[in-house]
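Residue numbers (our numbering): -10 to 303.
Structure follows, in structure tokens:
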């Protein structure tokens, strides 16, 4: 069941499945509202629920699953941190940071590295590079090949995002170097948000703790590994974490300490068909992808065959 505001992509997916030869009846796309979703969750012939969305809806689904004693997989978003160390390729790290937060889906992705934690020795350089790159990103019609940032999903999202910006400004919780508002001019009537660069953010403020889900990146500084891990783990979410470093010993050392379902180094991709994907905390539980993802939808059964076993032990 797709979200009621995104009905078309799943329909295209269904067409591709049919073209690929998937037999009729294996896949059903059921567009609808929350009422449709509840009917699916409570249907006796549906034996497991896999949900991608937010914690508020997830709690309702989990309550229904509890009544039905029905297992589930939950993928519920994140506020993922990327740790930037001086030994990485700073320009490449800055380009990835902008693409995966401002350019990718206009920031509307659950595992995007929207918190950039940068070592103090390269902080000013990194911020300057972010600003230069973001300034080149054109906003507009996503069908235009020169456009890098399209609209967010609807007006409610615009109001929510700009509300977060306004509260951060009012609380002096961060400095807005770029953006921080909806787009004006010819884009004023659409659901467009200015590409936004937020620096020197308070790690405990809403702007650093809650998903923005728009074209914005939040930047904070750290002095050593311990401080970086503390800031990264200062979140109820735990979907993904990123490490920008060429020191593989550091990568393995920090990967053990970061509270995340996956850790990705120097541009390593979050989602591969052969690797499990999923989070901890309010990012959810269970896995999609890889053998672990297949196992989520299997029942293991133990069969023990006695061959010459005594009825009573001697």
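Glycine residues also receive a C-beta, built at the ideal position from the N, C-alpha and C atoms.
Return the bridge partner residues of residue i from the DSSP annotation.
| i | result |
| --- | --- |
| residue 64 | 41, 273 |
| residue 167 | 186 |
| residue 232 | 72, 254 |
| residue 266 | 277 |
Output the boundary residues of the beta strand (DSSP E) element that contains residue i.
| i | result |
| --- | --- |
| residue 104 | 104 to 108 |
| residue 210 | 205 to 211 |
Tell me whether residue i sits in a helix, a strand or coil according to DSSP, three-state version.
| i | result |
| --- | --- |
| residue 11 | coil |
| residue 127 | coil |
| residue 197 | helix |
| residue 202 | coil |
| residue 286 | coil |
| residue -1 | helix |
| residue 293 | coil |
| residue 259 | coil |
| residue 172 | coil |
| residue 191 | coil |
| residue 53 | helix |
| residue 120 | helix |
| residue 6 | helix |
| residue 19 | coil |
| residue 224 | coil |
| residue 390 | One cannot answer for residue 390 here, as it falls past the ends of the chain, which runs -10 to 303. |
| residue 93 | helix |
| residue 47 | helix |
| residue 115 | helix |
How many whole angstroms separate the CB atoms of residue i and residue j, which I take to be in contact at a CB cut-off of 8 Å?
| i | j | result |
| --- | --- | --- |
| residue 67 | residue 253 | Not really, about 12 Å apart at Cβ, beyond 8 Å. |
| residue 190 | residue 162 | 6 Å |
| residue 104 | residue 70 | 4 Å |
| residue 50 | residue 61 | 7 Å |
| residue 175 | residue 198 | Incorrect: roughly 34 Å between the Cβ atoms, too far for contact. |
| residue 281 | residue 265 | 4 Å |
| residue 182 | residue 208 | Incorrect: roughly 17 Å between the Cβ atoms, too far for contact. |
| residue 63 | residue 275 | 6 Å |
| residue 136 | residue 91 | Wrong, their Cβ atoms sit about 12 Å apart, outside the cutoff. |
| residue 86 | residue 75 | Rounded, the Cβ-Cβ distance is 15 Å, inconsistent with contact. |
| residue 286 | residue 37 | 6 Å |
| residue 81 | residue 122 | Contact doesn't hold; Cβ gap of about 11 Å is too wide. |
Thinking C-alpha only, which one of the options is nearest residue i?
| i | options | result |
| --- | --- | --- |
| residue 156 | 189, 195, 178, 172 | 195 |
| residue -8 | 143, 87, 83, 77 | 143 |
| residue 257 | 181, 232, 284 | 232 |
| residue 152 | 34, 47, 201 | 201 |
| residue 107 | 13, 78, 91, 212 | 212 |
| residue 185 | 2, 124, 269, -2 | 124 |
| residue 355 | 180, 206, 229 | Given that the chain is displayed from residue -10 to residue 303, the structure contains no residue 355 and the question cannot be resolved. |
| residue 169 | 150, 177, 89 | 150 |
| residue 55 | 4, 27, 146 | 27 |
| residue 112 | 99, 89, 79, 122 | 79 |
| residue 244 | 53, 267, 72 | 72 |
| residue 204 | 88, 10, 221, 302 | 88 |
Any beta carbon from chain C within less than 8 Å of residue i's own beta carbon?
| i | result |
| --- | --- |
| residue 28 | Here chain C cannot be found, since the structure has a single protein chain. |
Residue i lies in the alpha helix (DSSP H); which residues open and close that run?
| i | result |
| --- | --- |
| residue 80 | 79 to 87 |
| residue 137 | Premise fails: residue 137 is in no alpha helix (DSSP H) and is neither H nor E. |
| residue 238 | 237 to 246 |
| residue 31 | 23 to 31 |
| residue 152 | 144 to 159 |
| residue -7 | Taken as a continuous stretch (DSSP letters only), residue -7 belongs to no alpha helix (DSSP H), as it is neither H nor E. |
| residue 216 | 214 to 221 |
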